[in-house]
Amino acid sequence: MRKKIVAGNWKMNKTPSETKAFAEQFKAILPKTKWCDIVVCVPTVDLSAAVRAFKDSRIAVGAENVYFEKSGAYTGEIAANMLLDAGCKYVILGHSERRAMGETNADVNAKVLAALDNGLIPIMCVGESLEQREAGITEEWITMQIKTGLASIGEDKIRKMIIAYEPIWAIGTGKTATPEQAEEVCEHIRAVIRKLYGAKVARAISILYGGSMNEKNAYDLLAQPDIDGGLIGGASLVPEKFVKIIEAANQPTI
Ligand code: 13P
């Protein structure tokens, strides 16, 4: 069965000292989690503080981006092997906030390949805008993002990936997708994966929902059959709120 995954995306929040303080509070109140994996994705400068603080814990550390080239004259960029060596296990790719800064589907695909080649687990984000939803093209848009993002990724590699459905209109707006809306698209994503890679892979891949998930709506969202966890922005910055979402995810799958 698929294990639930709760991943925090800190975006551009918290300094290294604040990371250390968060980790201490968070570890102190985190319950035992048998059915749920926990990931905290932090800004690059916080990675070493996070890796140090979460060493000897069940909490994995992730980055929020990577560059697709191996090395060289790319001022300000970070390569996948650097993230791995720094202690990262996961990396968020194709977040809508980065796509809004100009990241293309081809970039996302190249980054996914670079991450996988270096043993990082990519959390590839897809999602539609409000205009696209209202125009009734959500499924076509998501299909295109999945197909282009996963170009030339074989069956052996897709198994190591996570996909996150993040409707742009629900991010940071407090306007969560209803459990039915989120389930509908996550089910569609699984169907696209099934077509591309077969039923076994589709059953095994974890699909997360992200967009104003909080301690109140997490139970209903995570109860949906095709939602295997959450990618949490704002609520992952507050230990008490993040722990409540983890508790919601830490339920045995029937
Ligand atoms: P919020 O939970 O703040 O809406 O952010 C969601 C998100 O973008 C996670 O990647």
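In this text, residue positions in the sequence shown follow the numbering used here: the first is 10, and each later residue adds one.
Glycine is no exception: its CB is placed at the ideal position from the N, C-alpha and C atoms.
Which residue from the options puts its Cα closest to that of residue i?
i	options	result
K184	N223, I162, E148	N223
K23	N74, I254, S245	S245
G243	M153, I236, S221, P261	S221
H104	T113, L139, I38, F77	T113
A62	G81, K79, A191, K36	K36
I68	A32, A200, A257	A32
C167	W178, T84, I255, M133	The sequence shown places Ile at residue 167, rather than the Cys named in the question. Of W178, T84, I255, M133, the residue nearest in Cα terms is M133.
A16	I38, G71, E27	G71
T182	I241, I155, Q34, R199	I241
I155	I87, R199, Q260	R199
Straight-line CA distance for residue i to residue j?
i	j	result
L125	P131	7 Å
E3	W150	Nothing in the structure corresponds to residue 3, since the chain is present only between 10 and 263.
V121	N18	17 Å
K13	E78	31 Å
K29	S57	10 Å
S80	V48	26 Å
E189	Y218	12 Å
N90	A119	14 Å
Y228	A123	34 Å
C50	P234	25 Å
T42	V252	10 Å
E196	E175	14 Å
C45	K20	22 Å
V54	N74	12 Å
Y83	D116	15 Å
So, is residue i buried or exposed, given that buried needs 16 or more other C-beta atoms within 10 angstroms?
i	result
E249	exposed
T187	exposed
A208	exposed
T147	buried
G163	exposed
E143	exposed
M170	buried
A109	exposed
Verify the contact flag: residue i, CB atom, against every heavy atom of the ligand 13P, threshold strictly below 7 Å.
i	result
A227	no
S66	no
I254	no
G238	no
M222	yes
A244	yes
G219	yes
I241	yes
E175	yes
K180	For the sequence presented, residue 180 should be read as Ile rather than Lys. True, at least one ligand heavy atom lies under 7 Å from that Cβ.
H104	yes
Cβ-heavy atom distance between residue i and the ligand NAP below 7 Å?
i	result
N18	With respect to the ligand NAP, the structure shown offers nothing to examine, as its ligands consist of the ligand 13P.
So residue i and residue j are in contact, right, with Cβ under 8 Å, and what is the actual spacing, rounded?
i	j	result
R11	S215	5 Å
A191	L230	6 Å
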